[in-house]
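See structure below.
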Amino acid sequence: MKKLIVLIALSLASVAVLPQKYMTKNGYIGFYGHTPVEDIKADNNQVSGIIDVATNQIVFQVLMKSFRFDRSLMEEHFNENYVESDKFPKASFKGTVTEPAGVDLNKTGAYEVTVSGDMTIHGVTKPVTVKGTIEVLADAIKAISKFNILPEDYDISIPSVVREKIAKEMEVTVNMNYAPMGK
Amino acid sequence: MKKTTRYILIGAVTVVLIAIIAGLYLFNKKAPDLAGVKPDYVLTASALYNDFETDEATATQKYVDKIIQVTGTITVIEVNADSTINITLGESSMTGSVICTMKGAPDLAGMGLANGSEVVIKGICSGMLMDVLLNKCVIVTE
Chain A
1 MKKLIVLIAL SLASVAVLPQ KYMTKNGYIG FYGHTPVEDI KADNNQVSGI IDVATNQIVF
61 QVLMKSFRFD RSLMEEHFNE NYVESDKFPK ASFKGTVTEP AGVDLNKTGA YEVTVSGDMT
121 IHGVTKPVTV KGTIEVLADA IKAISKFNIL PEDYDISIPS VVREKIAKEM EVTVNMNYAP
181 MGK
Chain B
184 MKKTTRYILI GAVTVVLIAI IAGLYLFNKK APDLAGVKPD YVLTASALYN DFETDEATAT
244 QKYVDKIIQV TGTITVIEVN ADSTINITLG ESSMTGSVIC TMKGAPDLAG MGLANGSEVV
304 IKGICSGMLM DVLLNKCVIV TE
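Read top to bottom, the protein sequences are chains A and B. So for the first sequence, our numbering puts the first residue at 1; every next one is plus one. So for the second sequence, our numbering puts the first residue at 184; every next one is plus one.
And the structure:
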C-alpha cells in the first residue's frame with residue numbers, strides 16, 4: 001500500500017514537473033502582400049494556440065475581425081468582401097510536427113521543424129505543410145514560421161478590377177510565445 | 184471662348200478636383216484613433232464577458248464592430264511579438280476574461296497601472312474566441 005502511494009505521488013510529481021501542454025492567447029499572425037500598386041499588411045495579436053509536447057500537436061485559432069490594417073477601407077473590404085467575417089468569423093489550424101520525426105519537445109533547444117495539418121479559412125479546409133522553428137526554453141516555447149498562401153485556395157474571390165492591386169500570394173508570419181498550461 | 188463655356192469648364196474642373204481629393208482622402212484614411220470617440224456601450228468587463236458567455240450569437244450581433252468602454256481589473260500584461268501590449272481584464276467570478284490589444288505600447292508604469300489595478304479601456308470588439316477580444320484599445324483617463 002505504501003509503495004502504491006509513493007508511486008502515485010511520484011507520477012503526480014512528474015506530471016507537475018513536465019507540463020504536457022503549452023498555450024498562448026497573445027500569439028501573433030500577420031500577413032503581407034506586395035504589388036507595385038499597393039502593399040497589404042495586417043496584424044493580429046490575439047491568436048490562441050496550444051502546443052502539446054506529448055503528441056507534438058499544434059492548434060491555432062483566430063478571429064478574422066482581430067486582423068488590423070493601416071487603412072480602414074482595406075479592413076472593411078477584407079472583412080466584408082473577401083473573407084466574409086460575419087459568415088466565417090474564425091480561422092484555424094490543426095497539425096502535427098512531422099519532421100524531425102519523433103522530436104522530443106520536452107528537451108530544451110531550437111528545432112527546425114515541418115508541420116503538416118489542416119488550415120481552415122473562409123469556411124474552406126485545405127491540407128498545408130509549413131516549415132518553422134520551435135525553440136524550447138526552460139519555462140516557455142517559442143514558435144516562428146513564415147509561409148505563403150493563395151487566397152484563391154480558400155475560395156476568396158478577388159474581383160478582376162482590383163486583381164492587379166492585390167498580391168496573388170500572401171506571406172503569412174506566425175510568432176508564438178507559449179507558457180506552460182495551468183500556471 | 185464664351186464666358187459661359189469658361190464658367191462651365193472651371194466648374195467641371197473644380198468638381199473633378201474635389202472628387203479626386205475626396206477619393207484620395209477616403210483611400211488613405213487611417214484606422215480611427217478611439218481616444219476622442221464616444222463609446223457605443225459602457226459596462227464592466229465581467230458584464231461584457233457574461234453577455235458573450237450567456238448568448239454568443241446575440242452578443243456578437245450587439246457588440247462586434249462597436250466601440251466598447253469597459254472597466255475591469257488587470258490580471259495579465261503581455262508584450263506582443265510586434266511590441267504592442269495586450270491587457271487582460273478579469274474577475275475571480277469570470278471563467279474567461281476580456282483581452283484588450285492596445286494601440287501601440289502605452290506607458291502603463293507611468294500611468295501607475297500594474298496587475299491588480301482597476302482600469303477603464305475603450306476598444307473595438309472583434310468577438311469571442313476563448314475570451315472576449317477588444318482591439319485598437321486606448322486607456323481612458325478623465
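Virtual Cβ for every residue (Gly too), placed ideally from N, Cα, C.
Check	Outcome
Cβ distance (whole Å) where Y32 of chain A is taken to contact D265 of chain B below 8 Å	With a Cβ gap of about 12 Å, Y32 of chain A and D265 of chain B do not count as contacting.
Straight-line Cα distance separating A205 of chain B from Q20 of chain A	56 Å
Coil, strand or helix - M119 of chain A by DSSP	strand
Three-state secondary structure assigned by DSSP to A54 of chain A	coil
Inter-stretch contact at 8 Å, needing at least 3 Cβ pairs: the stretch 268 to 278 of chain B / the stretch 196 to 211 of chain B	no
Test item: CB-CB of L312 of chain B and S85 of chain A under 8 Å	no
Nearest-angstrom Cα separation, counted from T24 of chain A out to Y82 of chain A	28 Å
Residue of B:V323, B:E325 and B:K319 minimising C-alpha distance to D216 of chain B	B:K319
Contact list for the stretch 225 to 241 of chain B against chain A, Cβ threshold 8 Å	none
Enclosing beta strand (DSSP E) for L209 of chain B [first to last residue]	Unbroken run through L209 of chain B is the alpha helix (DSSP H), K186 to N211; no beta strand (DSSP E).
Where D155 of chain A sits in the DSSP three-state scheme	coil
Nearest residue (CA-CA) to S66 of chain A, options A:D153, A:N44, A:I158 and A:E76	A:N44
Contact check, Y22 of chain A vs P159 of chain A, beta carbons under 8 Å	no
Sufficient close CB pairs (3 or more, under 8 Å) joining the stretch 236 to 252 of chain B to the stretch 184 to 204 of chain B	no
Distance between beta carbons of N26 of chain A and N263 of chain B, contact taken as under 8 Å	5 Å
Complete beta strand (DSSP E) runs within the stretch 21 to 102 of chain A (minimum length 3 residues, chain order)	21 to 34, 39 to 52, 57 to 63 and 90 to 99
Any C-beta of chain A under 8 Å from that of G310 of chain B	yes
Interface partners of V247 of chain B on chain A, CB under 7 Å	K65
Host beta strand (DSSP E) of T173 of chain A (start-end)	M170 to P180
Partner residues on chain A for T284 of chain B, Cβ-Cβ distance less than 7 Å	N45 and Q46
Where the alpha helix (DSSP H) through T324 of chain B begins and ends	Counting along the chain, T324 of chain B falls outside any alpha helix (DSSP H), and DSSP gives it neither H nor E.
Rounded straight-line distance, which links the Cα of S309 of chain B to that of A230 of chain B	16 Å
Contact check, V103 of chain A vs Y111 of chain A, beta carbons under 8 Å	yes
Bounding residues of the alpha helix (DSSP H) (the contiguous stretch that carries S275 of chain B)	No alpha helix (DSSP H) contains S275 of chain B, which DSSP labels as neither H nor E.
Inter-residue Cα distance where the pair is G132 of chain A and A101 of chain A	14 Å
Contacts that N211 of chain B makes with chain A (C-beta to C-beta distance below 7 Å)	R71
N- and C-terminal bounds of the alpha helix (DSSP H) containing L231 of chain B	A228 to T237
C-beta neighbour in chain A for T267 of chain B, strict 8 Å	yes
Secondary structure of S160 of chain A, DSSP reduced to three states	helix
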